[in-house]
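The structure appears right after this line, and notes come after that.
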Amino acid sequence: MAGSPALLLLLSLGLCCTGAQGQRNTMEARFLNRNMKHPQEGQPLELECMPFNIDNGVSWIRQDKDGKLHFIVYISPLSRTAFPRNERTSSQFEGSKQGSSFRLVVKNFRAQDQGTYFCIANINQMLYFSSGQPAFFPATTTAAPTTAAATTQSSHVNKDICMPSSEPGTSSENILNLYCEIFIWAPLAGVCLVLLVALIVTIVLCQKTRRRRCRCKRPPNGKPGAKPCVPTRHI
């Protein structure tokens, strides 16, 4: 079953048309079993469409939770069926005309079959849409854990995560001890690395400073007139 945005547009237009025609041109899609409220997973689901004109064929469509429309089957007035890709039969659905109703059977209702089911009739080049029949599993509720219990459990985890193991040999306790050692030694290793880099930078700067030397010419035998010492930069 392929979803099509165009079907959604046709559905909205059809609903407007049916409202304008009045109550005499109404169609209804419903469970065949009037006492059914929700379908059961893995069980067959039977629906029927009650059109106001049984001389025309009816198409069944399904609107999923995301609003996409999926074509299921076309049922002719002679009870002939046409499924997607012009298939005559389907492993999941059955369609038939019985009396004045057009019936759809979901052989094995699954989670992907949930949605709202509609039937459509094309009468005198006008589309007529039925009311929608929701088919969803019953809502299941699960009890959430209390806040106090969750807080107590988290406090126990925080206390026990770095506690020394009283019974060595278990893999989980060894992993916790390994994590604790990593948390302790990783920052210390980072500090030592920073200090090492600072020491290397200091040594390099000192070596550059020592390259500056003073070249002085001493006067022979202490004679005056010698040039003063001028510091030079060694390049």
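Mature numbering (1 follows the signal peptide of the UniProt record, and there is no 0) puts the sequence shown at residues -22 to -1, 1 to 213. Every residue, glycine too, gets a C-beta built ideally from N, C-alpha and C.
| query | result |
| --- | --- |
| Through-space distance from T4 to L105, alpha-carbon basis | 12 Å |
| Coil, strand or helix - C140 by DSSP | Residue confidence is low: C140 scores 48 on pLDDT, short of 50, so the model does not pin down where it sits. No coordinate-derived value is stated. |
| Coil, strand or helix - L10 by DSSP | coil |
| Same chain only: Cβ atoms within 6 Å of Q76, ignoring 5 sequence neighbours per side | none |
| Collapsed DSSP secondary structure at A60 in the structure displayed | strand |
| For A117, three-class secondary structure by DSSP | coil |
| Q92 (DSSP reduced to helix, strand or coil) | coil |
| Cβ contact check for the segment 94 to 111 and the segment 57 to 74: 3 or more pairs under 8 Å | no |
| Residue closest to N31, alpha-carbon to alpha-carbon, out of N13, E24, E6, L23 | E6 |
| Proximity below 8 Å, CB of G73 to CB of R40 | no |
| Cα-Cα separation between W38 and Y52, rounded to whole angstroms | 6 Å |
| Residues bridged to R81 [DSSP beta-bridge criterion] | E26, S74 |
| Nearest residue (CA-CA) to G45, options A117, G110, V169 | G110 |
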